Structure formats: C-alpha cells, structure tokens
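Reading through the structure tokens given below for one structure.
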Amino acid sequence: MFVSFATWCSQASSPEEPSNPSGSGDGAAASMAVCFTHPLDLTKYRMQVLHTRAPMLSTLYRFAVRDGIPSLWSGLSASVLRQSTYSTARFGLYTILSRQMQKRSGGAKPSTTSTIACAGVAGGLAGVVGNPTEVVLVRMCADAAKPPAERFLYSDAVTALVRIAREEGVKVFGRGLSANIVRSVLMSELSTPDNARKLFADLEQDVSQIAPYAAAKKTILTRTQLKDDIRTHALASLFAGTAATTACAPADVLKSRIQSATKGSTVLQVARDGLRQEGPMFLMKGWTPAWLRLTPHTVLTFVIMEKLSELVSMMAATPVPARATA
Numbered sequence: 001m002f003v004s005f006a007t008w009c010s011q012a013s014s015p016e017e018p019s020n021p022s023g024s025g026d027g028a029a030a031s032m033a034v035c036f037t038h039p040l041d042l043t044k045y046r047m048q049v050l051h052t053r054a055p056m057l058s059t060l061y062r063f064a065v066r067d068g069i070p071s072l073w074s075g076l077s078a079s080v081l082r083q084s085t086y087s088t089a090r091f092g093l094y095t096i097l098s099r100q101m102q103k104r105s106g107g108a109k110p111s112t113t114s115t116i117a118c119a120g121v122a123g124g125l126a127g128v129v130g131n132p133t134e135v136v137l138v139r140m141c142a143d144a145a146k147p148p149a150e151r152f153l154y155s156d157a158v159t160a161l162v163r164i165a166r167e168e169g170v171k172v173f174g175r176g177l178s179a180n181i182v183r184s185v186l187m188s189e190l191s192t193p194d195n196a197r198k199l200f201a202d203l204e205q206d207v208s209q210i211a212p213y214a215a216a217k218k219t220i221l222t223r224t225q226l227k228d229d230i231r232t233h234a235l236a237s238l239f240a241g242t243a244a245t246t247a248c249a250p251a252d253v254l255k256s257r258i259q260s261a262t263k264g265s266t267v268l269q270v271a272r273d274g275l276r277q278e279g280p281m282f283l284m285k286g287w288t289p290a291w292l293r294l295t296p297h298t299v300l301t302f303v304i305m306e307k308l309s310e311l312v313s314m315m316a317a318t319p320v321p322a323r324a325t326a
C-alpha cells in the first residue's frame, strides 16, 4: 500500500518539483499528529457541549479521574478519520488551487488576494467534505459528558457512520454544515498550512502576507531586535494561531452543539438558547484547549509531513527489482 502511495506521489508531482505527499501526505501527517493532541480536542468538545463554566483543567481532571487516563483518547478513531478527510481535502485543494493560480499568472508568486481566495475556497470545500466525520467526532468526544440515557455509545468511527445512516438517515451528516464551513474558511484564512511551513523551510508559495501573520511579523521586526528568522516566524505563527482560534471559536461551539444533539436544531436556535442561558461568553467555550492544541498539532503535522516527504522521495527513487521469469 505504501509503495503504491509513493508511486502515486511521484507521478502526481511535476518534473520540476520534488515528489511530495501533497494532500494525501498532509492528511496522513495530520492523522499522526492528532494521536498526541487528541486529549485537548476531547476536552474542547466536552467543554463546548457542557452547560457549565468549568475551566479546562477542571474538566480534564474530572473525566480522567472518573473514567481513567486512557479515556482521554476516547474517539481517537473518529479524530483520525476526520483528519484523513478534512485535512487531506484542505491541504490538497489549497495546493492544487494555488498552483493553478500560479500557472495562470505565468509562474509569478500569487498575490495576497489570490492566496486568501485559494485558502478560503479550499477551507470551505474541505468543511463540506469533512462534515460527516465531524459529526461522528463531536458525538464520540462529547458522549461521556452527557447523561447515560442520551449517550450514543459508538464503538468506533466506522460503526458510528453506519449507525447514523441506518438509525437517523444520511441527512444527519449535514448537521452544523454552515457553521463548519464558516469555521473552516476562517481557520484556512487565518492559519494556512504554509504559515506553519515557514517554521521549517520556504516550501511552495510564501503566504506570510496573510493578515494576522504579516501584522505580527512586521511588528516584531520593527519593534524588537529579532531578525527575519525561525524565532520571528514562530512568534508570528503563534499570533496567527491565537487570532484563528478566537475567530473560529463561536462557529466551533455552535457546530459542536448542533452535531452532538439527538434532535436537529438550527444555528439561530442554538445561539439564542446559549445566549439566554449562559451569556455571550458561551461562544468562547473550549478556547483554551483549542488554542493549546493548535501550535503542537501544527508543528507535529509539518514535522511528520517533512519526514513522510523524505521517505516517499527515497522510496520513489529506489528502483524496483525486476521479477525473475520462469
């Protein structure tokens, strides 16, 4: 399987470009990275669906003591499946769109407007592709935070997909779609893949002109003694990640509550009920674990992706021995 994957990657790359996993490799790297950051994701979803003001550490501690440390990885199969669909689509579509934009401009670096457009379109489409697995992920992660009578009790992600389709209908896979698209677009605009790649190398297009990253980088360079190096890139990426987490939080909370519910409800209904019962700050629930997760997940994703790229290039360059004929 991996040899086939390596062959596909080498064929997909143009002669002028080194072989790389592109969308598939990015999705694989994101799937591996989430194995380390899943407890933070789990805590985020539980905080978002709980109607309490318990802080992150209290929520994490409460469920770890009640259900055991291994329970913090509940729903990991759904998280891996979600990364395999959403992240693969997001990274792959962004790469395809940005390269097409570059070809149309005669090989020139895409403008800020073009880059933002590519990131937004890729994020929106990825949100559509990944919504069914997002429903499964939210339900599996939030299950333990619900009363026993309201739990779905899915054993794994694939079983969850089958049960939802059979018991509730495929239309449930579209729950929270509008909020998920908004979140995906904002995340792609404010924290695009290439911003993280700047931490390691100048790969493909430089999209450091995107607003939060660019603003932070400019401020750091003009008001401090730091130079345009990895430290500046890391600090600017941290700022961009903070902006992305904050901007995406309201849509993320609304999406999670819609998708975790046993009965369908609209974004307006969820927003109205949340504002009436908990106040406007309910839209920021789960911000801390989401923010803490973003940086290590991004760094791990692109470190793993670089290693996968090197491995694929090495395997693609290795000649396959001919089979002996009888």
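So in the UniProt record's numbering, spot 201 of the sequence shown is number 201, and the numbers just go up one at a time. Ideal placement from N, C-alpha and C gives every residue a C-beta, glycine not left out. Model, not experiment: these values are computed from the prediction.
Distance between beta carbons of residue j and residue i, contact taken as under 8 Å
i	j	result
THR115	SER98	7 Å
ALA144	LEU50	In fact, because the Cβ distance is near 11 Å, the residues do not count as touching under 8 Å.
ALA290	THR245	5 Å
residue 333	THR298	It is not possible to answer for residue 333, since the shown part of the chain is limited to 1 through 326.
ALA64	ILE304	Going by Cβ atoms, the distance from ALA64 to ILE304 rounds to 26 Å, so no, they are not a contact pair.
Beta-carbon gap between residue i and residue j smaller than 8 Å
i	j	result
VAL253	GLN48	yes
MET101	CYS118	yes
residue 331	THR37	Here the chain comprises residues numbered 1 to 326, so residue 331 is not present and cannot be evaluated.
VAL185	GLY120	yes
LEU137	GLY75	yes
SER188	TYR213	no
ARG175	ALA126	no
SER178	VAL34	no
GLU134	ASN180	yes
GLY130	THR159	no
Cα-Cα separation between residue i and residue j, rounded to whole angstroms
i	j	result
ASP26	THR95	11 Å
GLU278	PHE152	25 Å
LEU190	ALA122	13 Å
ARG163	PRO132	12 Å
PRO39	ASP67	13 Å
SER71	ALA243	30 Å
PRO55	PRO110	42 Å
ALA316	VAL128	33 Å
LEU300	VAL80	14 Å
THR43	SER256	12 Å
VAL170	LYS218	47 Å
ASN251	ALA165	Correcting the residue identity first, residue 251 is Ala in this sequence and not Asn. When rounded, the distance between both Cα atoms is 25 Å.
LYS227	LEU235	12 Å
PRO296	THR52	27 Å
THR113	VAL172	35 Å
GLY106	PHE302	29 Å
PRO319	ALA108	35 Å
PHE239	GLU167	43 Å
PRO148	ALA247	33 Å
LEU275	TYR61	27 Å
ARG104	GLU306	28 Å
ILE69	LEU57	14 Å
PRO21	TYR154	In this predicted model, PRO21 has a pLDDT of only 44, less than 50, meaning its place in the structure is not dependable; the value taken from the coordinates is given anyway. The alpha-carbon atoms of PRO21 and TYR154 are separated by roughly 32 Å.
Given residue i as reference, the closest of the options once Cα atoms are compared
i	options	result
ARG82	LEU93, MET32 and PRO70	MET32
LEU93	GLY124, LEU42, GLU168 and PRO289	GLY124
residue 342	SER77, PRO319, LYS218 and ARG62	Residue 342 is absent from the model: the chain starts at 1 and stops at 326.
ASP41	PRO319, THR318 and ARG293	ARG293
TRP73	GLY106, ALA108 and ALA142	ALA142
ALA249	THR295, GLY286, ARG276 and LEU235	GLY286
TODO: Check whether the stretch 222-241 touches the stretch 260-272, counting contact only when three or more Cβ pairs, one atom from each stretch, lie closer than 8 Å.
DONE: no
- [ ] Would you check if there are 3 or more beta carbon pairs closer than 8 Å linking the stretch 303-312 to the stretch 277-293?
- [x] no
Open item on the list: Check whether the stretch 223-237 and the stretch 245-261 are in contact - that is, three or more C-beta pairs closer than 8 Å.
Closed with: no
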